[in-house]
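**Student:** Pasting a structure below so you can have a look.
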Amino acid sequence: LIYDSFAQYLVTEKGYDKDLLTLAPASLDFCCKGLVLDIEEGNFLKLAEDGTVLRASHGTKSMTSEEILETYGRREWKHFNTVSGMVSRSAKYYLYDNYFDLPGALLCARVVDSLDQHDGQKKYDFWKDMVAAIQHNYKISAFKEDCGTYFPEVKNHPDKYLQRCPESVKKWLKQLKSAGKILLLITSSHSDYCRLLCEHILGNDFEEYFDIVITNALKPGFFSHTPNQRPFRTL
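So for the sequence shown, our numbering puts the first residue at 6; every next one is plus one.
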């Protein structure tokens with residue numbers, strides 16, 4: 006659904022190839038957390054803890070060791086210190102560190118394949134369109150306005166995408182709370198979307214399972230930034 010939401014926008018609003026709308030399920034194996042998109046080169050990198058390029062692909066096509074060395078020298082990626090410092094967005098690269106936009110990595114890779122096939126590009130300028138697709142589907146007002154593809158689809162067909170929580174898990178949560186444990190629900194989703202999910206998964210009384218519910222947390226920065234950088238607001 007996430008892939009489809011972004012692809013629909015690129016095709017209908019930005020004029021990209023309609024082939025992007027056709028997706029083979031096996032191709033989703035391309036997606037994994039921690040991928041870095043080198044925006045200018047159209048390459049996807051998997052890095053070691055020290056920033057060494059372990060493997061890479063140009064679009065969806067795996068790069069050989071020789072190609073990696075030719076592009077990145079001694080397999081050292083120059084932006085590693087910035088990425089490891091929790092900065093995931095730049096005009097030059099993007100770190101896929103959450104599941105909400107991870108299928109976008111596959112879409113971007115297929116865009117690179119398409120541009121190579123039709124235009125033979127060496128440098129790429131598609132990222133601004135991808136950002137627009139993300140914002141169109143995930144902006145704060147999208148849920149209320151039924152904007153984009155993602156939220157309307159989940160709202161209209163929740164059983165297709167959400168699995169209700171077993172009674173055993175609900176019982177376990179209640180036992181934890183009864184034992185004096187403080188239960189927190191922390192999500193980067195906005196409050197309206199969080200409520201839709203939790204009411205469907207846990208029930209309309211989902212708030213009773215938790216002592217604190219924090220939405221729009223913007224993880225992982227939520228855990229590393231100081232309170233004045235990420236102030237709390239009560240809704």
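A virtual CB, placed ideally from N, CA and C, is assigned to each residue, including glycine.
#1: So for N221, helix, strand or coil by DSSP?
#2: Tell me which residues share the same chain as K51 and place their Cβ nearer than 6 Å to its Cβ, disregarding the 5 neighbours each side in the sequence.
#3: How is the beta strand (DSSP E) around Y101 delimited, first residue to last?
#4: Considering only C-alpha positions, which residue in the set H205, I219, L25 is nearest to L188?
#5: For my contact list, F131 and D197 are in at a C-beta cut-off of 8 Å; report their separation, rounded to the angstrom.
#6: Spell out the partners DSSP gives H205 in its beta bridges.
#7: To the nearest angstrom, how far is it from the Cα of K233 to the Cα of S194?
#8: Please return the same chain residues whose Cβ sits closer than 6 Å to the Cβ of V116, not counting the five positions on each side in sequence.
#9: Three-state secondary structure (DSSP) at I187?
#10: Compare the beta carbon distance of F105 and I7 with 8 Å and say whether it is the shorter of the two.
#11: Which residue wins for smallest C-alpha separation from T57, given the options P236, I73, K176?
#12: Mapping DSSP to helix, strand and coil, what is V92?
#13: What three-state label does DSSP hand R115 in the structure shown?
#14: For Q122 and A12, what's the separation of their Cα atoms in angstroms?
#15: Since A162 contacts G153 with CB under 8 Å, what's their CB separation in whole angstroms?
#16: For L207 and L190, what's the separation of their Cα atoms in angstroms?
#17: Of the residues M135, D124, K127, which one's Cα is nearest the Cα of L112?
**Tutor:** Answer, in terms of the structure:
#1: coil
#2: L59, R60
#3: 98-101
#4: Of the candidates H205, I219, L25, I219 places its Cα closest to the Cα of L188.
#5: About 30 Å separates the two Cβ atoms, so there is no contact after all.
#6: Beta-bridge pairing links H205 to no other residue.
#7: Sequence check: residue 233 is Asn here, not Lys. Take the alpha-carbon of N233 and the one of S194: they are about 20 Å apart.
#8: F131
#9: In this structure, I187 counts as coil in the three-state DSSP scheme.
#10: yes
#11: I73
#12: Confidence in V92 is poor, its pLDDT being 44 and thus under 50, which makes the residue's placement unreliable; the coordinate value appears in the next sentence. If DSSP states are grouped into helix, strand and coil, V92 belongs with coil.
#13: Of the three classes helix, strand and coil, the one that applies to R115 here is helix, per DSSP.
#14: So the two alpha carbons sit approximately 18 Å from each other.
#15: A small fix is needed here, since residue 162 is His in this sequence, not Ala. 15 Å between Cβ atoms; not a contact.
#16: 12 Å
#17: M135
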